[in-house]
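Asks:
Protein chains in written order, with this note's numbering: chain C, 599 to 1490; chain R, 1439 to 1557.
Here it is as structure tokens:
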């Protein structure tokens, strides 16, 4: 509007004019002049306040209306306690679940690392194998990248590692990272106490920097937040390290969802873990996770291209080890290493499901609101009659729905920190479980997300009731009461549509739950092709106790000997990697006698380093040749056992036994063929795989898993194992001992999360849809009391009435089912293509394994919903059937 | 005296009714605020009490809603005064609201005067 805004002075002028006129009038009526002026002022009241209100009129009115609406809304809500409680609780569930999902996504993907500066310029860099899989990087490759690329402000590498901290009497395991010296400077971390690593300590000189940085958490729990810790020494893996500083509270290291407590320069690794120095110079030892900071003004694409060009040049220069290799960068959250790699897929599905549930909740609340708006028609009519504009009533309804969602959102938000922790319970057993750190304090993005959810749901849930109120027509209302008019029909259609959409959404949720649960169950029943029952697996961290390689091997040999003769033990074995575990599996680049690889063929083959007892303990049969023996030791010629897939790929039709294979700088003779089993995921296509003897290949940087097979419960043997280990060396503690069949559950983790979450959400959706259906049918029965009375008076039997009402509920349900089936099929098709990991170990494994269109699940869900629909309709139907025609007709 | 009735007999105006009364007064021609207040009081035979402060806020609200328009002028006794006129929109609103009120009043009257029936 182009109307000139009236000035405050003009209004004051008008008031003065009024007082003058009023005084004149009073004088004319016979009052004295002074008395008349006083009376005029008195009758006007406080002119200052009036001017104030006039001044604030736009804002004031809006605010006052809002406050009125809120107050009035709160009063009406309190009057309908039951309905309000249902609405608020369901909203709290919907909003709380969505906020939790968002918190996780926020933690995993949006801001994976806390306490770093400008995280959006941080990227992961990964080496790429000739067939396009992402793998970690070797230290020499890292040095080349670091020194020859100008698109990055800096590049750092890190290796997660378990340390034993403390003296010989009392030591405990602490998870930390071995990092390049420039790690903190690349991440842009500011110290909480003391300092972080200095440029002088960035060098590649081995063993020169006996220093460490500890986490804020560790500082508080172990040193009472004493600032004098800076400069003191702590004993790590039996070596003294000087603590130079404390990291800030928000910083937990460079793997999302994982909290580390200790950072030590990578170049200390030979001292601390006894790793041979040559390994740090070996381009084959690709074990480092890389993080780089992209320069300002350089795009991700430019940086990726520069890295790729350099890596490909290096692959030519170092053709003997890196032929065909390349490198790439990706946003931190895309990194396949660490829990976020596994979580990304399930989290997106979770978010989708939460939105689905929230939609159902909104439909339900909308339904309740429409019902209430109908019940309140008298109130609305009175207000219309008193001159309230319809828009004002609609706003009142919207305000009330905002009040509902706001209260629900606050409850949901309060529950979010608790719900966030449940991520921990979904994590697989083993060391990872202790590491997961979800900072559960809701931060700004989460709050903003919840607030917008709240507003959006208020709109979604409030728009239909508001429209309904806005359409109220005073005349019809005053005349007919609107009971049987067309407006009443329209409202019933609106509510029916809402229920149909609820049923449709519930079908989507239930079909989803069914598909995921079935996929999970099917994978669970896949035979791992080894026998994980009655086996206890535990991990030993010998290197952190200062053992040399020779001592470690000796320790293993003696422990095996002692355990073998202990009661209740069938067999013992040890290996580097645990199959179907959560931890990465390693590979070796092989040259195979008599096999010429294609130019781009990936010759990196996954392997395990095992003791002779391993294959028999796992019940993996040798199908050809022989197993390892104790005679396959350091002095004997190197030998290897391969799996059937290996034979199929490299010796099609030929006999592999006796063939030579080159790896680790040695030539191995193939002495046996083991039956194929599952290695990384139950759903995988069996990859070529091989085993080499522990005694011949075990190196300082390998892990050590110890297996015990027992006739009874695996846990029952733990005390024996502890005792035997203590007898050998009291300093060594057995960590993470779990039954193998539980441990391998880790490989099912993403599917387990998806199935669990979908089942819970499906149940919630089902409940909500049932409530919605019930309320609509119940209302319609109440509306039709008189009609039903007439029918019964004319001879309809109660069973007829029962069938009639149930049929109404069923027809709504079936309409919902048709709509839901269409949506489900479309969604299942979209979800089917989601792969839950992009690491080299498990590419092409999908959450929904080809069963997205299982007709049984669709039919089952539909039948189930029909039954629920009938049950929800049967309660009001029974009420209808028991109507006494006489009293029904007399009611009005 | 601006009021001649005892306070207990006076009715405070319901929200929304003041606007309608103002529009009604202006139907007979342009008038200034003080005149409107007097007219309402006089025409309601002093039943309604018009709070002068609220009246001016109501006038502003109606003006903002384009139901009335205003112009400075001179009163009969040669005083400066702001005169309000009904717009076309205001006239339509008055017609609509008046008929609603009459219906409501009639209905109320009917309900209040009907003798109680046997249930």
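For each residue, glycine too, the CB sits at the ideal point set by N, CA and C. Predicted model only: the values in this text are computed from it and were never measured.
#1: How long is the line joining the alpha carbons of residue 1491 of chain C and residue 1058 of chain C, rounded to whole angstroms?
#2: So, are the CB atoms of residue 622 of chain C and residue 1517 of chain R less than 8 angstroms apart?
#3: Spatial neighbours of residue 1542 of chain R within its chain, please: C-beta separation below 7 angstroms, excluding the five flanking residues on both sides.
#4: Can you give the beta carbon distance from residue 765 of chain C to residue 1142 of chain C, rounded, assuming they're within the 8 angstroms contact cut?
#5: Which residue comes first and which comes last in the beta strand (DSSP E) that contains residue 1524 of chain R?
#6: Can you find a CB in chain C that lies within less than 8 angstroms of the CB of residue 1483 of chain R?
#7: What do you get for residue 1054 of chain C, buried or exposed, if any count of 16 or more other CB atoms within 10 angstroms of its CB means buried?
#8: Rounding to the nearest angstrom, what Cα-Cα distance links residue 1368 of chain C and residue 1467 of chain C in this structure?
#9: Can you pull out the residues from the segment 1531-1543 of chain R whose beta carbon lies closer than 7 angstroms to at least one beta carbon of chain C?
#10: Would residue 1522 of chain R count as contacting chain C if we go by Cβ distances under 8 angstroms?
#11: Would you list, in chain order, the members of the segment 1505-1519 of chain R that have their beta-carbon closer than 7 angstroms to a beta-carbon of chain C?
#12: Would residue 612 of chain C count as contacting chain R if we go by Cβ distances under 8 angstroms?
#13: Compute the Euclidean distance between the alpha carbons of residue 626 of chain C and residue 1525 of chain R, then round it to the nearest angstrom.
#14: Do the CB positions of residue 1128 of chain C and residue 1216 of chain C come within less than 8 angstroms of each other?
#15: Could you tell me whether any Cβ in chain C is nearer than 8 angstroms to the Cβ of residue 1472 of chain R?
#16: Taking the beta strand (DSSP E) that residue 776 of chain C falls in, what are its first and last residues?
#17: Would you say residue 1511 of chain R and residue 1521 of chain R are within 8 angstroms of each other, going by their C-beta atoms?
#18: Nearest to residue 980 of chain C by alpha carbon, out of R:1494, R:1545, R:1532?
#19: Assess contact between the segment 1222-1233 of chain C and the segment 1157-1168 of chain C, defined as three or more Cβ pairs (one per stretch) separated by less than 8 angstroms. Is contact present?
#20: Look up residue 1189 of chain C in the DSSP assignment and say whether it is helix, strand or coil.
#21: Let's test the definition: count the other Cβ atoms within 10 Å of the Cβ of residue 1291 of chain C and tell me whether it reaches 16, buried, or not, exposed.
#22: Residue 1498 of chain R CB to nearest chain C CB: under 8 angstroms?
#23: Identify the continuous beta strand (DSSP E) that holds residue 1291 of chain C and give its terminal residues.
#24: List the residues of chain C that residue 1495 of chain R touches, going by C-beta distances under 9 angstroms, in chain order.
#25: Compare the Cα-Cα distances from residue 1018 of chain C to each of C:1415, C:1399, C:694 and report the closest residue.
#26: At what residue ranges does the segment 619-703 of chain C contain a whole run of the alpha helix (DSSP H), taking only runs of 4 or more?
#27: Measure how close the beta-carbons of residue 774 of chain C and residue 859 of chain C come, nearest whole angstrom, since I'm counting them as under 8 angstroms.
#28: Between which two residues does the alpha helix (DSSP H) holding residue 1340 of chain C run?
#29: How close, in whole Å, do the beta carbons of residue 1493 of chain R and residue 1471 of chain R come, if the pair is a contact with beta carbons under 8 angstroms?
#30: For a test of the three-state rule: what should DSSP assign to residue 1441 of chain C, helix, strand or coil?
#31: Pair every Cβ in the segment 710-728 of chain C with every Cβ in the segment 879-889 of chain C, then say whether three or more of these pairs are closer than 8 angstroms.
#32: Pull up the CB-CB distance for residue 1096 of chain C and residue 1458 of chain C, whole angstroms please, since I reckon it's below 8 angstroms.
#33: Could you spell out where the alpha helix (DSSP H) holding residue 1214 of chain C opens and where it closes?
#34: Give the C-beta separation of residue 1044 of chain C and residue 1462 of chain C to the nearest angstrom, bearing in mind that I take them to be a contact with Cβ-Cβ under 8 angstroms.
#35: Indicate whether at least one CB of chain R lies closer than 8 angstroms to the CB of residue 642 of chain C.
Replies: Straight from the coordinates:
#1: Because chain C spans 599 through 1490 in this model, residue 1491 of chain C falls outside it and cannot be assessed.
#2: Annotated as proximal: residue 622 of chain C and residue 1517 of chain R, with beta-carbon spacing under 8 angstroms.
#3: If you ignore the 5 residues before and after residue 1542 of chain R, its C-beta comes within less than 7 angstroms of no other C-beta in its own chain.
#4: Incorrect: roughly 13 angstroms between the Cβ atoms, too far for contact.
#5: That run of the beta strand (DSSP E) goes 1518-1524.
#6: No Cβ of chain C is located within less than 8 angstroms of the beta carbon of residue 1483 of chain R.
#7: Residue 1054 of chain C should be labelled exposed.
#8: Roughly 6 angstroms between the two C-alpha positions.
#9: Residues are counted here when their Cβ sits less than 7 angstroms from a Cβ of chain C; for the segment 1531-1543 of chain R these are 1535, 1538, 1541, 1542, given in chain order.
#10: No, its Cβ sits nowhere closer than 8 angstroms to a Cβ of chain C.
#11: If the cut-off is 7 angstroms between Cβ atoms, the segment 1505-1519 of chain R has 1513, 1515, 1517, 1518, 1519 near chain C.
#12: Residue 612 of chain C counts as touching chain R.
#13: Rounded to the nearest whole angstrom, the C-alpha separation of residue 626 of chain C and residue 1525 of chain R is 32 angstroms.
#14: Yes, the pair counts as a contact, with Cβ atoms nearer than the cut-off.
#15: Nearest CB-CB separation between residue 1472 of chain R and chain C: below the 8 angstroms threshold.
#16: 769-777 is the span of the beta strand (DSSP E), which, as asked, contains residue 776 of chain C.
#17: Yes.
#18: Here the closest residue by C-alpha is R:1545.
#19: These segments do not touch.
#20: In the structure shown, residue 1189 of chain C sits in a strand (DSSP, three-state: E or B).
#21: Counting of Cβ neighbours within 10 angstroms places residue 1291 of chain C among the buried residues, the total reaching 16 or more.
#22: Closer than 8 angstroms: yes.
#23: First-last of the beta strand (DSSP E) with residue 1291 of chain C: 1287-1291.
#24: For residue 1495 of chain R, the residues of chain C that pass the 9 angstroms Cβ criterion are 648, 651, 652, 655, in the order they occur in the chain.
#25: Among C:1415, C:1399, C:694, the Cα nearest to that of residue 1018 of chain C belongs to C:694.
#26: Taken in chain order, the unbroken stretches of alpha helix (DSSP H) that lie wholly in the segment 619-703 of chain C and span 4 residues or more are 631-642, 645-653, 655-677, 679-703.
#27: With 8 angstroms as the limit, residue 774 of chain C and residue 859 of chain C qualify as a contact, their Cβ atoms being about 6 angstroms apart.
#28: First-last of the alpha helix (DSSP H) with residue 1340 of chain C: 1338-1341.
#29: That pair is a contact at about 6 angstroms.
#30: Below a pLDDT of 50, predicted positions are generally treated as unreliable, and residue 1441 of chain C, at 46, falls in that range; the measurement from the model is reported next regardless. In the structure shown, residue 1441 of chain C sits in coil (DSSP, three-state: anything other than H, G, I, E or B).
#31: Counting C-beta pairs with one atom in each stretch, the segment 710-728 of chain C and the segment 879-889 of chain C have three or more that are closer than 8 angstroms, which means they touch.
#32: Cβ atoms of residue 1096 of chain C and residue 1458 of chain C stay farther apart than 8 angstroms, at about 25 angstroms.
#33: Residue 1214 of chain C -> alpha helix (DSSP H) spans 1212-1216.
#34: That belief does not hold up - the Cβ atoms of residue 1044 of chain C and residue 1462 of chain C are roughly 35 angstroms apart, past 8 angstroms.
#35: Judged by the 8 angstroms Cβ criterion, residue 642 of chain C is in contact with chain R.
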